[in-house]
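So the sequence shown is numbered by our numbering: it starts at 1212 and just counts up by one. Beta carbons are placed, not taken as given, at the ideal position from N, Cα and C, and that holds for glycine.
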Amino acid sequence: MDRPLNISGAAERFPFVACAYARALAARSEAFRRQLEPDERELEEEENVGHDPFGEEDESSGCFGLKQRFPDRVLVMTSNACFMNCRHCTRKGLLRHAEVVRTEEELSACVNYVQERPEVRDVLLSGGDPLVLPDEEVMRFVRAFADLPQVDVVRLCTRAPCVNPARVTRSLAESLAACGKVWANVQFNHADEITPEASAACANLVNAGIPVSCQTVLLAGVNDSEKALLDLFRALQRIRVRPYYVFLCDPVAGVAHFRVPVEKAKRLARVCAERIGGLGLPRFVVDIPGAARKTPVELL
Ligand code: SF4
């Protein structure tokens, strides 16, 4: 595909970033390119849709750089940068001004927040992408929470295996695995993304002993067909990554052109369930602001 990337227009409102690997993948895959290239349709307004659907700018939930929506888990903002700014990102309007934990004092305040709430057992290291940080910084976050006896799981939420797989080195994977509590949540949205490099990155994590799960986003024009989804789930299983969730797009500004109608999502969920065994079948869900859990599409 020789067509040059068009990074004008929507990129003024929602910034464009893409590393060399992501650009090269976009040149080979139209499905991936649609996740990377700014699109004028991002500027379309939608009724009752804003830039912060989950109230992450609301300071009453958590502390600086830490957000809590559910009783047993918290999210820690480790960075506001990514290897690529996905055009469908939930935080696309938030990242530039997001509270990011940087100093020892800020990290200690997050640790204290967790310690004061013994029901918290799962800490998500998110952003942005935590793996834009150097290994020692990543491990500083991991150890700070993994060292707490109440914490069972430190979730590394990263798109690096898909968009910059060389970042997921064997030595990083072994350091992460050594603490015994790290799980990786990755994001692949199309089988084109399961390249030899991405497979090697996931193998580094899995071989080190880290459970790896995939959270896919259902995106119109990218993966909203039975074939695209089944190809993706099967490819993920081949590299030992568990398809975990398929999310409908969040109610956030700038993603209207990616939305898949609920009835179509329900039909895709039903058809996939008939075609693939449970271990390869993710749950199709919607993250509804204020809901106590992720809502399965069949309940909509
Ligand atoms: S990697 Fe994650 S946080 Fe970064 S732009 Fe993509 S979806 Fe958003």
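Taking non-hydrogen atoms of ligand 1 into account, the C-beta of residue 1296 is found less than 7 Å away from one of them. If you ignore the 5 residues before and after residue 1506, its C-beta comes within less than 7 Å of the C-beta of 1496, 1497 and 1499, all in its own chain and listed in chain order. In the three-state scheme derived from DSSP, where H, G and I count as helix and E and B as strand, residue 1341 is classed as helix.
DSSP lists 1286 as the bridge partner or partners of residue 1278.
Taking residue 1346 as the centre and dropping the five residues before and after it, the same chain places the C-beta of 1383 and 1386 closer than 7 Å to its C-beta, in chain order.
Listed in chain order, the beta strand (DSSP E) elements of length 3 or more contained wholly in the stretch 1434-1488 are 1453-1459. Residue side-chain check: residue 1263 keeps its Cβ at 7 Å or more from all non-hydrogen atoms of ligand 1. For the options 1290, 1338, 1275 and 1363, the alpha carbon positioned closest to that of residue 1284 is the one of 1363.
A Cβ-Cβ separation of about 5 Å places residue 1469 in contact with residue 1430 under the 8 Å criterion. Placement of the Cβ of residue 1340 at a distance of less than 7 Å from at least one heavy atom of ligand 1 is found.
When C-beta atoms of the stretch 1363-1381 are compared with those of the stretch 1287-1304, three or more pairs fall below 8 Å, so the two segments count as touching. Assignment of beta-bridge partners to residue 1424 by DSSP yields 1396 and 1453. For residue 1312, there is no enclosing beta strand (DSSP E), since its DSSP letter is neither H nor E. Just so you know, the alpha carbons of residue 1236 and residue 1326 end up roughly 42 Å apart.
Exclusion of residue 1426 from the 7 Å shell around ligand 1 follows from its C-beta lying no nearer than that to any non-hydrogen atom of the ligand. In the DSSP annotation of this structure, residue 1374 is not part of any beta strand (DSSP E); the continuous alpha helix (DSSP H) holding it starts and ends at 1371-1374. Rounded to the nearest angstrom, the Cβ distance from residue 1242 to residue 1401 is 4 Å, consistent with a contact under 8 Å. Taking residue 1342 as the centre and dropping the five residues before and after it, the same chain places the C-beta of 1369, 1371 and 1378 closer than 6 Å to its C-beta, in chain order. From the listed residues 1380, 1323, 1340 and 1393, the smallest Cα separation to residue 1354 is found for 1393. The straight-line gap separating the alpha-carbon atoms of residue 1471 and residue 1316 is approximately 43 Å. For residue 1263, no pairing in a beta bridge is given by DSSP.
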